[in-house]
Structure formats: C-alpha cells, structure tokens
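K.L.:
Would you mind keeping the following structure in view while I ask a few things?
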Ligand code: ADP
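Numbering (our numbering), first residue to last: 925 to 1083.
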C-alpha cells in the first residue's frame, strides 16, 4: 500500500488545496493531510477548526486521513512509512522555495519521494494568506474557498 502526506497549514483550506487533495488521492492508496503546527505563528483558525473544515470538504473522498504534526516532516515520514510528500506548485516562487526543501528532505530520508503537482490554472492565484487578507478588507473571497469554509470565515468576523 502506497501512502502520501500532503503537508501544509491549511489556514484555511482553499479550492486550490482541495484540487491538489483530489488529484493526489487518485495517485496513492492513502493520502494523509498533515496540518503542520507551527508554535511561532498565530493561525486564524485553531487546529481543531482546521481539522473539522478539512473533514467536511473531503467527506466524499474515501482514502483520506487528517492529522497534525509538529517538527520535521521527514521524521513523521520515517515513523509512519510514508512513500510520498505532495506539494502543489503555483509558479516560479513556489518552485524556488519547494525545490531546496525537497532536496533537503531527499538527503535526510531518501525513502520518501517528493511529488510536485502543478496547480490548476483556475486556482493558481489562490493562497490562504490572500484569502485572509481579502477578508480583512471586506473583499469577496467566496470563489476561492469551499462553501463550508466561506461560512466559517463569515462567522469568524475576519475584519
Ligand atoms: P499557503 O501556501 O497557501 O499558505 P499551505 O502552507 O497550506 O498554504 O500550502 C500547502 C501546500 O499547498 C504547498 O505545497 C502549497 O504550494 C500548496 N498550495 C497552496 N495553495 C495552492 C493552490 N492554490 N494551488 C495548488 N497548490 C497550492
């Protein structure tokens, strides 16, 4: 059985993330969505809220597991026998950031391979930080996140 992890902060999950999740879940027997807990960053949504939103938006995809982790991704991969790390690439900036990370991970733990998926053009402009910034100025982000997330964003009073 081949297992991959899709790591990220998912604060909140966007349509771009969901597109990558759907495509990656077809490539592996199991896809773990790993929410990276960064103690130095204050998220908009708590870990529990992010997990529950991810559960809602992936409820129709059977081979998904949602978890959180702290520390080095390769340590998680080693301990859980992960075959692939999924990363989405929106453009050159993502690639410049992702390539050395993939190379470091490769040298630390060569058993896990990083798999880059090209962002779909219709979603490649979307980022969680962009959605939050738009929300803070009262802009319309409804076409950028799943409906369930838009509802939670409105409840949060992001202004
Ligand atoms: P962000 O980079 O938006 O803050 P994350 O840290 O949660 O989000 O990103 C996790 C992974 O998802 C990264 O590999 C990132 O490049 C990818 N990703 C984020 N947004 C998109 C998108 N719109 N399309 C494709 N991949 C994306």
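All C-beta atoms in this analysis are idealised placements derived from N, C-alpha and C, irrespective of residue type, glycine included.
All values reported here derive from a predicted model rather than from experimental measurement.
Is it true that the stretch 947-966 meets the stretch 1055-1074, where meeting means three or more beta-carbon pairs spaced less than 8 Å apart?
P.N.:
no
K.L.:
I'd like to check one pair, residue 988 with residue 975: are the Cβ atoms closer than 8 Å?
P.N.:
Reading the chain shown from its first residue, position 51 is the one you call residue 975. Reading the chain shown from its first residue, position 64 is the one you call residue 988. Their beta carbons are not under 8 Å apart, which means residue 975 does not touch residue 988 by this criterion.
K.L.:
Just checking residue 943 against the ligand ADP - is the residue's beta carbon closer than 7 Å to any of the ligand's heavy atoms?
P.N.:
The sequence position of residue 943 within the chain shown is 19, counting from 1. Within the cutoff, so yes.
K.L.:
From the DSSP output, read off the bridge partner residues of residue 1046.
P.N.:
Position 122 of the chain shown holds residue 1046. According to DSSP, residue 1046 shares a beta bridge with no other residue.
K.L.:
Please report the Cβ distance between residue 1033 and residue 1001, rounded to the nearest whole angstrom; I am assuming they are in contact, meaning their Cβ atoms lie under 8 Å.
P.N.:
In the chain shown, counting from the first residue as 1, residue 1033 sits at position 109. In the chain shown, counting from the first residue as 1, residue 1001 sits at position 77. Confirmed, Cβ separation roughly 6 Å.
K.L.:
Is residue 967 helix, strand or coil by DSSP?
P.N.:
Looking up residue 967 in the chain shown gives position 43. The answer is coil: DSSP assigns residue 967 none of H, G, I, E or B.
K.L.:
Assign residue 1061 to buried or exposed, taking buried as 16 or more other Cβ atoms, counted over all protein chains shown, within 10 Å of its Cβ.
P.N.:
Taking the first residue of the chain shown as 1, we reach residue 1061 at position 137. Residue 1061 is exposed by the Cβ-count criterion.
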